[in-house]
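These notes concern the structure reproduced below.
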């Protein structure tokens with residue numbers, strides 16, 4: 099009887115300790131979501147982080163033959179004329195054949211693999227940034243079904259190079275058409291307007307989460323503490339076998355609830371932050 103009573107109080111103590119731990123863990127506001135790594139980023143990485151792939155142009159004429167043009171956008175906020183901008187172009191199958199999935203220029207150079215390196219790609223001013231255009235021309239008939247890889251990169255004055263994720267295009271299957279420079283800039287304005295609107299929405303969501311997040315956390319922590327205390331009392335005063343089994347089930351549900359609330363409390367701010375970064 100004494101051992102049974104000790105087990106009850108031991109379980110009660112564990113529940114209360116677990117409840118208080120998660121209660122205080124939830125109750126402490128965690129504002130340290132800022133990425134410290136950003137302070138250590140090179141200039142090339144900072145530029146690439148704000149840049150993105152814009153789209154393709156495709157066509158055929160007497161001067162260039164069959165061609166594909168890849169376009170990339172660099173915002174004025176990070177653009178630096180002292181940096182080198184370019185695009186590495188190579189068949190997609192080279193990535194697997196030579197096991198290259200990063201630092202493309204050096205990786206191919208170390209294996210003496212020749213790729214097309216278009217340095218100083220043509221750029222054009224666009225709303226709040228510049229569009230860099232890189233073309234592969236004279237595509238032979240036998241290569242019209244070949245997947246080409248376009249990797250935009252930036253090299254800063256210190257020699258650091260950063261790359262955008264690779265983009266792939268096949269002449270035969272690429273759904274793109276010829277566009278004038280004016281049409282490209284107009285499309286850029288439309289996309290910028292959409293991105294600005296989405297950015298405003300995510301900014302408002304972020305402000306809302308910042309204002310109510312601490313209260314949500316306090317509320318969830320209170321629920322955990324009250325529910326945990328209730329279970330602890332039930333375990334401490336349980337006399338029948340059936341009550342012990344029910345108490346154990348309640349403990350199981352409490353732990354699951356704590357995990358769900360923890361994921362929600364931590365994941366929601368990160369999700370909003372991710373959307374904000376994506377909208378930039």
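Numbering (the numbering used here), first residue to last: 99 to 378. C-beta: ideal position from N, C-alpha, C; glycine also.
- In the DSSP assignment, residue 171 falls within the beta strand (DSSP E) that extends over 163–173.
- Residue 270 sits in coil when the DSSP states are folded into three classes, being neither helix nor strand.
- Residue 193 holds the alpha-carbon nearest to the alpha-carbon of residue 211 among 193, 225, 224.
- Counting along the chain, residue 204 sits inside the alpha helix (DSSP H) bounded by residues 202–208.
- Annotation for residue 156: the continuous beta strand (DSSP E) segment containing it runs 150–159.
- Here residue 349 is near residue 329, since their CB atoms are less than 8 Å apart.
- Nearest Cα to residue 144 within the set 202, 151, 175: 175.
- A straight-line Cα-Cα distance of about 8 Å links residue 227 and residue 177.
- The three-state secondary structure of residue 252, taken from DSSP, is strand.
- For residue 261, the enclosing beta strand (DSSP E) starts and ends at 259–261.
- For residue 192, the enclosing alpha helix (DSSP H) stretches over residues 191–195.
- From the listed residues 149, 140, 166, 162, the smallest Cα separation to residue 273 is found for 166.
- Under the three-state reduction of DSSP output, residue 216 falls in the strand class.
- In the DSSP assignment, the residues bridged to residue 223 are 228.
- Beta-carbon to beta-carbon, residue 230 and residue 248 are separated by about 11 Å, too far to satisfy the 8 Å threshold.
- From the listed residues 169, 264, 139, 160, the smallest Cα separation to residue 152 is found for 169.
- The three-state reading of DSSP puts residue 184 in strand, counting E and B together.
- Residue 347 and residue 317 have their alpha carbons spaced roughly 23 Å apart.
- Straight-line measurement puts the Cα of residue 199 at about 19 Å from the Cα of residue 149.
- Relative to residue 271, the option among 326, 156, 146 whose CA is nearest is 156.
- Spanning the alpha carbons of residue 185 and residue 218 requires a straight line of approximately 9 Å.
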